[in-house]
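K.L.:
My questions will all concern the structure given below.
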Amino acid sequence: MRTLQFTAHCAEHQQTDHIQDECRIAQEYVTDLLSKRLVQHGFEASRNEPDKIAVSVESHPLPISVTCESAQDGEGHLVCRINAHADEEQDWFEKIEMQSVIKQLGQAIETTLKNDESFSQFEWKS
1 MRTLQFTAHC
11 AEHQQTDHIQ
21 DECRIAQEYV
31 TDLLSKRLVQ
41 HGFEASRNEP
51 DKIAVSVESH
61 PLPISVTCES
71 AQDGEGHLVC
81 RINAHADEEQ
91 DWFEKIEMQS
101 VIKQLGQAIE
111 TTLKNDESFS
121 QFEWKS
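Residues in the sequence shown are numbered consecutively from 1, following full-length UniProt numbering.
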């Protein structure tokens, strides 16, 4: 599993008084943005739930999830994470192939989000 952690500047999307609403709004914004833009990178994407996207490339399904929480920095920023999960029960060749797809997907996600000024401070975590 790979995780991309980044900061969302929620004031860009909608101002609310409740941090949980801001987190939900940011999660929905990110999933909507990715479901529309990953197609430009050769992936098929469909939004199943407000915080989940079904992604596939060449018939290889790969679920990803988006979570956001308060950065508690006094500026209303959120720390968001995108997780990509591979099937751990694949044989070794399929696992290597899927890790390559996850790497390509990660690059596509990072490129997409970096083109939106609402996001910053990108960091990959294992």
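Idealized CB from N, CA, C, for every residue including glycine.
Please read all numbers here as calculations on a predicted model, not as lab measurements.
1. Name, in chain order, the residues that DSSP records as bridge partners for T7.
2. Going by DSSP, what residue range makes up the alpha helix (DSSP H) through E97?
3. Among all the DSSP beta bridges, which residues are the ones paired with A45?
4. Tell me the DSSP bridge mates of V66?
5. In or out: S35 buried (at least 16 other Cβ within 10 Å) or exposed?
6. Determine the direct distance from the alpha carbon of K52 to that of T31, and round the result to whole angstroms.
7. Check each candidate in Q90, V79, C23 and E22 and name the one with the smallest Cα separation from F122.
8. Output the distance between the C-alpha atoms of V55 and H9, rounded to the nearest integer angstrom.
9. Between the beta-carbon of L38 and the beta-carbon of I102, is there less than 8 Å?
P.N.:
So, from the data block:
1. Taking the sequence shown and counting its residues from 1, one reaches residue 7 at position 7. V79 and S120, per the DSSP bridge assignment.
2. Working through the sequence shown from its first residue, we reach residue 97 at position 97. Taken as a continuous stretch (DSSP letters only), the alpha helix (DSSP H) holding E97 covers W92 to K114.
3. As a position in the sequence shown, residue 45 is number 45, starting the count at 1. Note: A45 sits in a beta bridge opposite V55.
4. Counted from its first residue, the sequence shown places residue 66 at position 66. According to DSSP, which records beta bridges pairwise, V66 is partnered with I82.
5. For the purposes of this step, residue 35 is taken as the residue at position 35 of the sequence shown. Buried.
6. Sequence index remark: in the sequence shown, residue 31 carries index 31 (1-based). Sequence index remark: in the sequence shown, residue 52 carries index 52 (1-based). If I take the Cα positions, the gap works out to 7 Å.
7. Translated into positions along the sequence shown, residue 122 becomes position 122. F122 has its Cα closest to that of V79, out of Q90, V79, C23 and E22.
8. Numbered from 1 along the sequence shown, position 55 holds the residue referred to as residue 55. Numbered from 1 along the sequence shown, position 9 holds the residue referred to as residue 9. The alpha-carbon atoms of V55 and H9 are separated by roughly 25 Å.
9. As a working note, residue 38 is residue 38 in the sequence shown. As a working note, residue 102 is residue 102 in the sequence shown. No, these two residues do not count as a Cβ contact at 8 Å.
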